[in-house]
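Residues in the sequence shown are numbered from 1 upward in steps of one, following the UniProt record's numbering. First up is the structure itself, then whatever we jot down about it.
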Amino acid sequence: MSRYAAESAHTPVGVLLCDDHAVVRAGLLALLSSAPGIEVIGEAASGEEAVALAAALRPDVVLMDLQLGSGIDGVEATRRIARPDDPGSPHVLVLTTYDTDADIARALDAGAAGHLLKAERPEELFAAIRAAAEGRSTPAAPVAHRVLAQMRSPRPTLTDRELDILRRLARGLSIREIARALATSEATVKTQLGVLYDKLGVNSRTAAVSVAREQRLVP
Numbered sequence: 001m002s003r004y005a006a007e008s009a010h011t012p013v014g015v016l017l018c019d020d021h022a023v024v025r026a027g028l029l030a031l032l033s034s035a036p037g038i039e040v041i042g043e044a045a046s047g048e049e050a051v052a053l054a055a056a057l058r059p060d061v062v063l064m065d066l067q068l069g070s071g072i073d074g075v076e077a078t079r080r081i082a083r084p085d086d087p088g089s090p091h092v093l094v095l096t097t098y099d100t101d102a103d104i105a106r107a108l109d110a111g112a113a114g115h116l117l118k119a120e121r122p123e124e125l126f127a128a129i130r131a132a133a134e135g136r137s138t139p140a141a142p143v144a145h146r147v148l149a150q151m152r153s154p155r156p157t158l159t160d161r162e163l164d165i166l167r168r169l170a171r172g173l174s175i176r177e178i179a180r181a182l183a184t185s186e187a188t189v190k191t192q193l194g195v196l197y198d199k200l201g202v203n204s205r206t207a208a209v210s211v212a213r214e215q216r217l218v219p
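Rendered as structure tokens:
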């Protein structure tokens, strides 16, 4: 039984927001303030700040963005917050822009109670937060079964850097632009691309992007 459910059905669900965009946090704060039985008790602009505030404030639910601007990402923050050895640890509900299988699988594997798209209706968000507070899994229905099935089946295991490069390839960036964005050399990017191609079983960037989209590794 979750700490929230054990205490009282009338106790507001304490929520910690984690998003690196102040405007998004302000919008979520205004939205959640209108929801009965939900109270935002803190805001974090980075993964590190979310981990620290989760330990200090002990919220029932942490609403976590996966793509954070700097420092640890939402997946690593989730791993540090949702600790299976601590039954009183907060439940993490991931709020994402894209329902890419790779990101969702990583979040679920890190201990997230579920995920929700930012495009969902407010009522869906409220219901997901309450469900997470009660310890119930809340993956978004359209992709939940597919992602969980893929987590149990063999598929290419890509590093965070390889996924980053793959996303930039899908956006049409050149090797030079990718190297500049990642603060590395073009030779290093080419080497990493070679490894990436081998893992995907392809020999060109076009084929790599095509396979990545088929497997929903990129938006």
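From the three backbone atoms N, C-alpha and C, an ideal C-beta is built for every residue, glycine too.
Who are the Cβ neighbours of residue i in its own chain at under 6 Å, not counting the five residues just before and after it?
i: A212; result: L166 and V218
i: A207; result: none
i: R25; result: L17, D19 and E43
i: H91; result: V61, A113 and A132
Are the Cβ atoms of residue i and residue j separated by less than 8 Å?
i: V94; j: G71; result: no
i: S89; j: L68; result: no
i: L66; j: A44; result: no
i: P12; j: G37; result: yes
i: R83; j: A110; result: no
i: S34; j: V40; result: no
Taking its Cβ as the centre, do 16 or more other Cβ atoms sit within 10 Å of residue i, making it buried, or is it exposed?
i: H21; result: exposed
i: S204; result: exposed
i: V189; result: buried
i: D198; result: exposed
i: R106; result: buried
i: R216; result: buried
i: G172; result: exposed
Note down the Cα distance separating residue i from residue j, rounded to an integer number of angstroms.
i: T159; j: V195; result: 11 Å
i: A128; j: P87; result: 20 Å
i: P122; j: L28; result: 10 Å
i: A179; j: A50; result: 30 Å
i: V202; j: L108; result: 28 Å
i: K118; j: T96; result: 6 Å
i: L125; j: A77; result: 21 Å
i: A52; j: I81; result: 9 Å
i: L200; j: L57; result: 43 Å
i: L31; j: A55; result: 24 Å
i: M64; j: D164; result: 19 Å
i: R130; j: A187; result: 49 Å
i: V23; j: E120; result: 18 Å
i: M151; j: G14; result: Low confidence applies to M151: its pLDDT is 46, below 50, so where it sits in the model is not reliable enough to give any reading.
Below 7 Å CB to CB, which residues in the same chain sit around residue i once its five sequence neighbours on both sides are set aside?
i: E214; result: none
i: S185; result: A179
i: E48; result: G71 and I72
Which residues in the same chain as residue i place their Cβ atom closer than 8 Å to its Cβ, once the five residues preceding and following it in sequence are excluded?
i: R161; result: L182 and Q192
i: V209; result: L166, L169, A170 and V218
i: S174; result: none
i: E177; result: R168
i: T157; result: K199
Going by the C-beta, is residue i closer than 7 Å to any heavy atom of the ligand MG?
i: G27; result: With respect to the ligand MG, the structure offers nothing, as it holds no ligand at all.
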